[in-house]
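Chemist:
Protein chains in written order, with this note's numbering: chain A, 1 to 578; chain X, 579 to 1266.
1) Can you tell me which of the three DSSP states residue 791 of chain X falls into?
2) Taking 8 angstroms as the cut-off, does the stretch 206-220 of chain A touch the stretch 12-29 of chain A (at least 3 CB pairs, one atom from each stretch)?
3) With a 10 Å radius around its C-beta and 16 neighbouring C-beta atoms as the bar for buried, classify residue 23 of chain A as buried or exposed.
4) Between X/647, X/580 and X/1058, which has its C-alpha nearest residue 868 of chain X's C-alpha?
5) In whole angstroms, what separates the C-alpha of residue 904 of chain X from that of residue 1002 of chain X?
6) Please work out which residues of its chain come closer than 8 angstroms, Cβ to Cβ, to residue 1098 of chain X, disregarding the five sequence neighbours upstream and downstream, and give them in chain order.
7) When burial is assigned at 16 or more other CB atoms within 10 Å of the CB, is residue 826 of chain X buried or exposed?
8) Taking 9 angstroms as the threshold (beta carbon to beta carbon), is residue 1220 of chain X in contact with chain A?
9) Restricting to Cα atoms, I'd like to know which of A/293, A/307, A/282 and A/335 is closest to residue 325 of chain A.
10) Can we say the stretch 800-807 of chain X touches the stretch 740-758 of chain X, given the rule of at least three CB pairs closer than 8 angstroms?
11) Near residue 5 of chain A, which residues of its chain fall below 8 angstroms by C-beta distance, leaving aside the five closest residues on each side in sequence?
12) Could you round the C-beta distance between residue 390 of chain A and residue 447 of chain A to whole angstroms and report it? I think they count as a contact, below 8 angstroms.
13) Report the three-state DSSP secondary structure of residue 1184 of chain X (helix, strand or coil).
14) Name, in chain order, the residues that DSSP records as bridge partners for residue 629 of chain X.
15) Could you tell me which residues DSSP pairs with residue 358 of chain A in its beta bridges?
16) Under 8 angstroms between beta-carbons, which chain A residues line up against residue 671 of chain X? List them in chain order, please.
17) Report yes or no: is there a C-beta of chain X within less than 9 angstroms of the C-beta of residue 57 of chain A?
18) What do you reckon, are the CB atoms on residue 696 of chain X and residue 838 of chain X nearer than 9 angstroms?
19) Please tell me whether residue 229 of chain A has its Cβ less than 9 angstroms away from any Cβ of chain X.
20) When the Cα atoms are used, what is the spatial distance from residue 397 of chain A to residue 56 of chain A?
21) Below 8 angstroms on the Cβ atoms is my guess for residue 1199 of chain X versus residue 1218 of chain X; work out the distance and round it to an integer in Å.
22) For residue 175 of chain A, does the three-state DSSP call read helix, strand or coil?
23) What are the start and end residues of the beta strand (DSSP E) that includes residue 289 of chain A?
24) Looking only at its chain, what residues have a beta carbon closer than 6 angstroms to the beta carbon of residue 949 of chain X, apart from the 5 residues adjacent to it on each side?
25) Less than 9 angstroms between the C-beta atoms of residue 875 of chain X and residue 894 of chain X, yes or no?
26) Could you please give me the residues that DSSP links to residue 372 of chain A through a beta bridge?
27) Does the Cβ of residue 583 of chain X have 16 or more other Cβ atoms within 10 Å, making it buried, or fewer, making it exposed?
28) DSSP three-state label for residue 1150 of chain X, please.
29) Could you tell me the boundaries of the beta strand (DSSP E) in which residue 779 of chain X lies?
30) Closer than 9 angstroms, CB to CB, is residue 110 of chain A near chain X or not?
31) Let me know if residue 306 of chain A comes out buried or exposed under the rule of 16 or more other beta-carbons within 10 Å of its beta-carbon.
32) State yes or no: is the beta carbon of residue 655 of chain X nearer than 9 angstroms to at least one beta carbon in chain A?
33) In its own chain, which residues sit with a C-beta less than 7 angstroms from the C-beta of residue 565 of chain A, not counting the 5 before and 5 after it?
34) How many Å lie between residue 968 of chain X and residue 1033 of chain X at the Cα?
35) List the residues of chain A that residue 1066 of chain X touches, going by C-beta distances under 7 angstroms, in chain order.
36) By DSSP, does residue 1158 of chain X sit in helix, in strand, or in coil?
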């Protein structure tokens, strides 16, 4: 190294790049125009070095961790480094030429120059409310049915917007004003990040910054390797299954991972997963890799920042033509269920290496989409909100209730009932914690929710299978913990069959949405009866649930534990299970 | 006859008393240790110290107070036994807690730290009733069934009940009736209704804020009661005014219903002091920077007035009441320096606090802290900390840094100490950047007012990095919050949601709604003994583009509103939206969400004593020299603040010592004493 890179300068660079990311996020969400971006903060900001390695990315949304790194494989095929100039901004959303999750997520990438040298890239990834594609009632059968796809393309050339690209994007969106507004927000955030990066280079010098960023990645790689070293060697596998792909309802889809760990090396091999799906539930490898990074961070050292160090250490293997490595052209627009499921599968595999960190499966993601046409105005309306599931239980505590699982944990939550009823022709008649939904265990899985919508006008509800397509293999428990109850959609108390892509509802009809819960940890017969009684008092477990799931007998009048009856019931149950 | 205006601020470590003689502008200060177990004791000790000099309690005109009692009872989870009443079928609302920012930077993704519920589901009673969004009754309150369910309260030990029903801000009748029904069962319990605490749309923030209010209320009320008894016993019979998060004071009587407004009491007083000093010296854009032992807080003042935000975070809880825009930075003098697993030097967020304190306190603290680094660099005087009341052990400080930081990292001692300072400064700079640059404000237009014990030690370096051209250190930086109390006004914020499309709502209706709110405010203030002509109302409406998340407040000028005013509001909203979010949408529908009324009583501001220029040379205040480190060791002159007079000019490097703080002036910087006794540090135009 030509210049001195002491630990103090390194920490200064580290805190600086972290705050650049934060500042970019603030700009991204504050200038975002559409509800999706502003309401759910469904987007991320990243800083990459000149070789397109991720130096820093926000830790808030694991869903997007490695998404910026993934572009490194593709961008050079479109632009040589000497074809990039100061002020250029590249736009893309192509799942197979940019490794983007699905075409609704657009990436904006800006090369950053200091004294004429390419020193970094700033990037933003943000969900777009509409870039064309099918309406709710149909499921895409290939990529071209999923809306506009954009390979890496210069959206700005030397600081000036490329009007042709802008017109093309606008023409392909049902809501062009919002879409272009959001894109401008992404550009604004990248520019702010680029300015800060240039200031940083001005202050410390390009060499120090370049060396510092490389060192930050090397240190994360080093820390991850030492965490891996302290993990026992071995090979473990895990799998999970989606009920169907929204087109072929009789075929479930299995995702499989085999994890081999030796010394400080780790390989996640997904090649045992099922053949790719006809429907849009496939997931590109770039996103599957995120589930590995997320899983390792969650299971080893959650204080680690995410950067390219993870990419350097974590090896993955895929087989082309599978649901986790589909051939270019396969549809991916409904990637959420499989992506979240895979994160839980990765955690299940890693939990076998580190039993004290093992957790029951989370309930994953999910949400509700209802569309209608205003009876007076004649204008179409689209109601969409994300609903919470729950986390699985661990060796120390019950799973967290009413929260998004794994990749979106803590980030997404449902909208306010009072706003919904004011703006949409509906009433929310119930929003309860779902009793008995958490997987029973010594520690109980977190609880899902029940939300009921009473429609006041004709409308249609999108249906994508049951419980995020996890009804056949529900979110599992570990070490004797039981699986969670899964979700469903019902209209006026009658469950909507999973083959229905849409449920048509009339004024007065009530749509009930049950959300998945989390899996349990340990044998439920080992749960402290006092905790079971507490759950009954809190309405988390019913009296029946206490008896059937936990073997705890509670007097329904006095609400006290019948110690004797409990002891004998539990003994009887244990004897039965032997 | 003297006229004494008293301000008492309870902080984590010290309780400060500041008394102003209104006619002469003379100020008396007193600092005593806080008494966390029984907060009123410290207050009384300070007052007794003051009145022992033969002064008469009869001469007191105003008595202002800032207290941590509300914050402590929340953050330490020492609130009352609280129950919650909700609309039947909505147990999911409170359980889906809205998450504040996770401050540690480390996420436990597998057991995500949701803020704990202050009321368990088992202490929640579901009430059969329902309103629609217009406030029409969909299901009437079933009183017989409700009475049956409320019977659970009997004998439960409940002290406080929070009530939050859906759409109660549109029609409060069910909540109001519940108050009566609760009183039938547990007449001794306090009842807090969401339609009174926060009559605003969005059920979660309304519920969560009402719960916090109910949870801390009994503790706050007991405290106020004890304090007022003790004050009365000493002949102090003036009404007690307490500072709120919004930067205004209210009588203790008025705050009994809304103690949740007292959460940021002390920090708000500090920002007020900074705003006052700014106005006094002609600076209308001010960043207030208060750095103490465990945290630093920054506030923003624009156009002479502190910036207000509609909600804020206290610990893990999000609280929706108007508050001064305060950014908390988890770095203070006690922040601990450590080396992470990959060998990087980190500072904080762990703090040695006041107990055991930094290594140099010789009080059992072993870990090297920011204060230890300050001492090692020669910036602090081991023999003159708190005016010499407290000796610092310089050897313990250097030893801790040498052993735990310098040696493991292979650095020189001084590199390590300087590194600790650079890192903690960098954290504070980034936090200050977030409140300015990322909100569209240019720090170069601001003056930084630095206070708190550690603020003036670090402020000049922070300003340099943020390119803030000027730092101002008030006369008593350690007593700024108590000073702020003395310049406060009475103020209460009212809010009422009434949702409508701006185009469609008649100006006359807006007018009527404001008049109704003003009527309520008028009555409340008059009940506090305020004469009607002193009361001022400020109106604003919250507007938003339809389907967007948050509203922005637009000022409503004039008392008689017409249809043309609506065009002006719309235009102001478009402009405001562009300023905040970088875009406007003139083709979009705009919705009127909330009516906001801020009712104020402007109190006469005290006279400020000024002195005439007495020459540039500060030689009379020179105490001596000591070796101090500023990118190399310097023989640095040390001045006594007490002896510096108006007009004195000091060129850096220099250190100015006073009882409650130390001001560090770096090379290339120059400082001057102004006519109010403030020290103004001018920074060189641009650092290379």
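Cβ atoms here follow ideal geometry from the backbone N, Cα and C, with glycine treated the same way.
Modeler: In brief:
1) As a first step, residue 791 of chain X is located in the second chain; it is residue number 213 there, counting from the start. Looking at residue 791 of chain X - three-state DSSP - the assignment turns out to be helix.
2) yes
3) Counting from one through the first chain, the residue named residue 23 of chain A turns up at place 23. Looking at its Cβ environment, which holds 16 or more other Cβ atoms inside 10 Å, residue 23 of chain A is buried.
4) Against the second chain, residue 868 of chain X aligns to sequence position 290. Ranking the options by Cα distance to residue 868 of chain X, first place goes to X/1058.
5) Start at 1 with the first residue of the second chain, and residue 904 of chain X comes out as number 326. Start at 1 with the first residue of the second chain, and residue 1002 of chain X comes out as number 424. Approximately 19 angstroms between the Cα atoms of the pair.
6) One-based indexing of the second chain puts residue 1098 of chain X at position 520. Within the same chain, residue 1098 of chain X has close Cβ partners 1072.
7) On the second chain, residue 826 of chain X is found 248 positions in, with the first residue counted as 1. Classification of residue 826 of chain X: buried, given that the 10 Å Cβ count is 16 or more.
8) In the second chain, counting from the first residue as 1, residue 1220 of chain X sits at position 642. No, because no Cβ of chain A sits closer than 9 angstroms to the Cβ of residue 1220 of chain X.
9) Within the first chain, numbered from 1, the residue matching residue 325 of chain A stands at position 325. The option with the nearest alpha carbon to residue 325 of chain A is A/282.
10) no
11) Here the question's residue 5 of chain A lines up with position 5 in the first chain. 208, 211, 212 and 215, listed in sequence order.
12) Within the first chain, numbered from 1, the residue matching residue 390 of chain A stands at position 390. Within the first chain, numbered from 1, the residue matching residue 447 of chain A stands at position 447. That pair is a contact at about 6 angstroms.
13) Position 606 of the second chain, counting from 1, holds the residue named residue 1184 of chain X. Correct three-state label for residue 1184 of chain X: coil.
14) Reading the second chain from its first residue, position 51 is the one you call residue 629 of chain X. Partner(s): none; residue 629 of chain X has no beta bridge.
15) For the purposes of this step, residue 358 of chain A is identified with residue 358 of the first chain, where counting begins at 1. DSSP, once it has assigned bridges, lists no residue as partnering residue 358 of chain A.
16) Locating residue 671 of chain X in the second chain gives position 93, where the first residue counts as 1. Those are 417 and 431, listed as they occur along chain A.
17) Mapped onto the first chain, residue 57 of chain A falls at position 57. False, the Cβ-Cβ gap to chain X never drops below 9 angstroms.
18) By one-based count along the second chain, residue 696 of chain X stands at place 118. By one-based count along the second chain, residue 838 of chain X stands at place 260. Contact flag unset, no.
19) Looking up residue 229 of chain A in the first chain gives position 229. False, the Cβ-Cβ gap to chain X never drops below 9 angstroms.
20) As a first step, residue 397 of chain A is located in the first chain; it is residue number 397 there, counting from the start. As a first step, residue 56 of chain A is located in the first chain; it is residue number 56 there, counting from the start. Between residue 397 of chain A and residue 56 of chain A, the C-alpha separation is close to 31 angstroms.
21) Locating residue 1199 of chain X in the second chain gives position 621, where the first residue counts as 1. Locating residue 1218 of chain X in the second chain gives position 640, where the first residue counts as 1. About 5 angstroms separates the two Cβ atoms, so the contact holds.
22) Taking the first residue of the first chain as 1, we reach residue 175 of chain A at position 175. Of the three classes helix, strand and coil, the one that applies to residue 175 of chain A here is coil, per DSSP.
23) Counted from its first residue, the first chain places residue 289 of chain A at position 289. From DSSP, residue 289 of chain A is part of no beta strand (DSSP E) but of the alpha helix (DSSP H) over 285-299.
24) The residue you call residue 949 of chain X lines up with position 371 of the second chain. Around residue 949 of chain X: 911 and 936.
25) For the purposes of this step, residue 875 of chain X is taken as the residue at position 297 of the second chain. For the purposes of this step, residue 894 of chain X is taken as the residue at position 316 of the second chain. Not a contact, by the Cβ cut-off of 9 angstroms.
26) Start at 1 with the first residue of the first chain, and residue 372 of chain A comes out as number 372. According to DSSP, which records beta bridges pairwise, residue 372 of chain A is partnered with A/381 and A/459.
27) Here residue 583 of chain X refers to the residue found at position 5 of the second chain. When all chains shown are included, residue 583 of chain X counts as buried.
28) Here residue 1150 of chain X is taken as the residue at index 572 of the second chain, counted from 1. In this structure, residue 1150 of chain X counts as helix in the three-state DSSP scheme.
29) Your numbering for residue 779 of chain X matches position 201 in the second chain. Neither: residue 779 of chain X is in no beta strand (DSSP E) and is coded neither H nor E.
30) Along the first chain, one-based indexing puts residue 110 of chain A at 110. False, the Cβ-Cβ gap to chain X never drops below 9 angstroms.
31) Position 306 of the first chain, counted from the start, is the residue given in the question as residue 306 of chain A. Label assigned to residue 306 of chain A: buried.
32) For the purposes of this step, residue 655 of chain X is taken as the residue at position 77 of the second chain. Residue 655 of chain X does not count as touching chain A.
33) In the first chain, counting from the first residue as 1, residue 565 of chain A sits at position 565. Closer than 7 angstroms at Cβ, skipping near neighbours: 553.
34) Within the second chain, numbered from 1, the residue matching residue 968 of chain X stands at position 390. Within the second chain, numbered from 1, the residue matching residue 1033 of chain X stands at position 455. Between residue 968 of chain X and residue 1033 of chain X, the C-alpha separation is close to 19 angstroms.
35) What you label residue 1066 of chain X is simply residue 488 of the second chain in a count that begins at 1. None at all; the shortest Cβ gap to chain A is about 31 angstroms.
36) Looking up residue 1158 of chain X in the second chain gives position 580. Correct three-state label for residue 1158 of chain X: helix.
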